[in-house]
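One structure is given below, encoded as structure tokens.
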Amino acid sequence: MVKIEDEKILNDYIEKYHIDELFSEDMKQYMELVQWKKNEFICKESEKLSSLYFIVDGKAKVCKNMENGKALLICFYKPFRMIGDVEFTRTNTADCTVQAIDDTYGIGINFNVVRTKLLNDCKFLFYICRYLGEKLSISSTNSSINILYSLENKLASYIYAFVEGSNNKSVFKFEGSYSEIAELLGTSYRHLNRVLNKFCKEGILEKKSKSYLIKNLEKLKFLSGDLYK
Numbered sequence: 040m041v042k043i044e045d046e047k048i049l050n051d052y053i054e055k056y057h058i059d060e061l062f063s064e065d066m067k068q069y070m071e072l073v074q075w076k077k078n079e080f081i082c083k084e085s086e087k088l089s090s091l092y093f094i095v096d097g098k099a100k101v102c103k104n105m106e107n108g109k110a111l112l113i114c115f116y117k118p119f120r121m122i123g124d125v126e127f128t129r130t131n132t133a134d135c136t137v138q139a140i141d142d143t144y145g146i147g148i149n150f151n152v153v154r155t156k157l158l159n160d161c162k163f164l165f166y167i168c169r170y171l172g173e174k175l176s177i178s179s180t181n182s183s184i185n186i187l188y189s190l191e192n193k194l195a196s197y198i199y200a201f202v203e204g205s206n207n208k209s210v211f212k213f214e215g216s217y218s219e220i221a222e223l224l225g226t227s228y229r230h231l232n233r234v235l236n237k238f239c240k241e242g243i244l245e246k247k248s249k250s251y252l253i254k255n256l257e258k259l260k261f262l263s264g265d266l267y268k
């Protein structure tokens, strides 16, 4: 994570997402703009999280560790999402693992400031309540996706989420082993390979040495159905 010392960019993001309107008092002096590089962890489950972050650019995937030792994909975060909304009310320990899949920018406010300045801010607390309600609804939907949707849909959504914001939408490369991706999608290594081969036979993908060419982006988007919002 790198702190971006650029007042203009910070102000542009604050204005774009009306962040100053979330608080009863001016909190700008406590805000800092940060960047996470692609594949960098924003936070790891059960590790300390120092700040409340508002995602203002880029994209990240959110995963949860299961009791059997496997990880499960929960959703993707795009602007304007919050990290630390659950943690600031009880503990600094991260509730899940969040990893940037593009270069991602966030505006952070240290938890010490949040607890001192915002725990009694009715305007901010109202926003948090509304946000958590929306988050619960999305979480319920995504839980249903993991149970009811086919791997074709889940895999298409996973791939499309990576290429959607990329400058090069014609190439996709898995970050991590096939076994790790299979775990995230709640399936087996063999089933994942079968579906990838099916996508290739249907002309959606074309296998290269260490990557896949996206041959039919529209069909991939159709299959994804905007899952894992």
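Under the numbering used here, residue 268 is the last one in the sequence shown; the count climbs by one each step, no gaps. The C-beta atom is built at its ideal place from N, Cα and C for all residues, glycine as well.
Query                                                                                                                                                                    : Result
Where does the unbroken alpha helix (DSSP H) through residue 196 begin, and where does it stop?                                                                          : 190-203
From 236, 191, 207, 169, pick the residue whose C-alpha is nearest to that of residue 224; which is it?                                                                  : 191
Taking DSSP's pairing of strands, which residues face residue 74 in a bridge?                                                                                            : 41, 144
Quickly, what does DSSP pair residue 244 with across the bridge? List them, please.                                                                                      : 253
Pair every Cβ in the stretch 97-115 with every Cβ in the stretch 147-161, then say whether three or more of these pairs are closer than 8 Å.                             : no
Among 94, 103, 60, 129, whose alpha-carbon lies nearest the alpha-carbon of residue 219?                                                                                 : 103
Closer than 6 Å by C-beta to residue 200: which residues in its own chain qualify, once you throw out the five before and the five after it? Chain order, please.        : 115
Are the stretch 234-243 and the stretch 126-138 touching by the rule of at least three beta carbon pairs closer than 8 Å?                                                : no
Can you grab the Cα-Cα spacing for the pair residue 258 / residue 252, in whole Å?                                                                                       : 14 Å
Check for me: the beta strand (DSSP E) holding residue 98 runs from which residue to which?                                                                              : Note, residue 98: premise wrong, no beta strand (DSSP E); not H, not E.
Buried or exposed: where does residue 138 fall if 16 or more other Cβ atoms within 10 Å of its Cβ makes it buried?                                                       : buried
Are the Cβ atoms of residue 262 and residue 195 separated by less than 7 Å?                                                                                              : yes
Going by the CB atoms, is the gap between residue 61 and residue 148 shorter than 7 Å?                                                                                   : no
For residue 208, I'd like the list of residues in its chain whose CB is within less than 7 Å of its CB, leaving aside the five on either flank, ordered along the chain. : 202, 253, 256
Does the separation of the CB atoms of residue 95 and residue 177 fall below 7 Å?                                                                                        : no
Could you tell me which of 53, 72, 76 sits nearest to residue 65, measuring between CA atoms?                                                                            : 53
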